[in-house]
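> Per full-length UniProt numbering: the sequence shown = residues 1 to 209. Positions of the beta carbon are idealized from the N, C-alpha and C atoms, including for glycine. Since the model is a prediction, treat every value here as computed from it, not as a measurement.
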Amino acid sequence: MKLMREQMAESVALNRSLSDLVKALQDEVAELRASNQRLLRISSSSSSHERTSRVDVQRPAKYSGSRDARAIDNFLFQVDYYLDLQNVVEEDLKIKTAAMLLEGDAVAWWRRKMFDIENGDCTIATFDDFRKQLKGYFMPVDAERQTYRMVANLRQTGSLREYVRAYQKLMLDVPKMPEKDKLNWFIIGLQSWAQADVERSTQRLWSKH
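1. Measure the beta-carbon distance from tyrosine 167 to glycine 136 and round it to whole angstroms, keeping in mind my assumption that it falls under 8 Å.
2. So the alpha helix (DSSP H) tyrosine 63 belongs to, where does it begin and stop?
3. Would you list the residues sitting across from leucine 102 in a DSSP beta bridge?
4. For a test of the three-state rule: what should DSSP assign to valine 79, helix, strand or coil?
5. Can you tell me whether glutamate 90 is helix, strand or coil according to DSSP?
6. When you compare the CB positions of leucine 183 and threonine 147, do they come within less than 9 Å of one another, or not?
7. Helix, strand or coil: which one does DSSP assign to threonine 52?
8. On a Cα-Cα basis, can you pick out the residue from Glu144, Trp185, Trp110 and Leu85 that is closest to phenylalanine 130?
9. Could you pull out every residue in the same chain whose Cβ sits closer than 6 Å to the Cβ of lysine 94, ignoring the five residues on either side in sequence?
10. Here's the rule: buried if 16 or more other CB atoms are within 10 angstroms of the residue's CB, otherwise exposed. What is leucine 25?
11. At which residues does the alpha helix (DSSP H) containing lysine 132 begin and terminate?
12. Would the beta-carbon of alanine 108 fall within 9 Å of that of tyrosine 63?
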């Protein structure tokens with residue numbers, strides 16, 4: 001009988017200990033959950049602030065090696081702008097970023113350039129070096145002369161608005177052309193009736209001065 005009471009007492013004590021242990025574990029889990037929720041809120045607030053303060057910059061379109069003067073100039077301009085917005089200042093990282101935006105024939109060209117650099121036959125230490133090397137290989141030698149030839153051959157065959165648009169598009173490729181030459185070539189390409197109107201307007205403008 002005494003043995004039975006001792007076993008019962010021991011069992012009750014064990015159950016109480018287990019209950020205390022379970023409760024302690026539950027309290028610990030609850031505290032961990034609360035702590036985790038606080039960390040999540042802090043992290044969410046921090047990342048939200050970071051998203052709002054950081055500019056979402058889209059990568060420039062890749063360059064495939066097209067020997068088109070405008071395509072080359074646009075690509076290099078966009079890469080330069082992208083690097084500036086991303087605050088990339090290390091020249092090595094600038095070059096690697098630009099190289100990652102190459103594809104097709106342009107990638108093959110860069111692989112060959114890297115081989116030349118390793119052999120000491122070529123030096124590309126800055127993004128400006130990269131720009132010069134890329135333009136030197138892909139840019140047509142007579143690109144500007146071709147554009148001038150297209151300007152000289154441009155004629156108004158449809159509406160005046162269509163002619164103006166075509167002329168403005170060509171002017172983008174010859175930014176160094178003097179303003180006087182731009183006006184003269186524009187008038188030369190007009191139909192005779194439009195030329196007469198422009199010349200009359202020009203004469204009236206000069207007569208006022």
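The structure says:
1. Actually they are not in contact, since the Cβ atoms of tyrosine 167 and glycine 136 sit about 30 Å apart, beyond 8 Å.
2. Element bounds for tyrosine 63: n/a, residue is neither H nor E.
3. Tyr63
4. helix
5. coil
6. no
7. With a pLDDT of only 43 at threonine 52, under 50, the local geometry of the prediction cannot be trusted, and no value is derived from it.
8. Trp110
9. Leu83, Val88 and Phe127
10. Low confidence applies here, because leucine 25 scores a pLDDT of 47, under 50, leaving its location unreliable; read the following figure in that light. So leucine 25 counts as exposed.
11. 127–138
12. no
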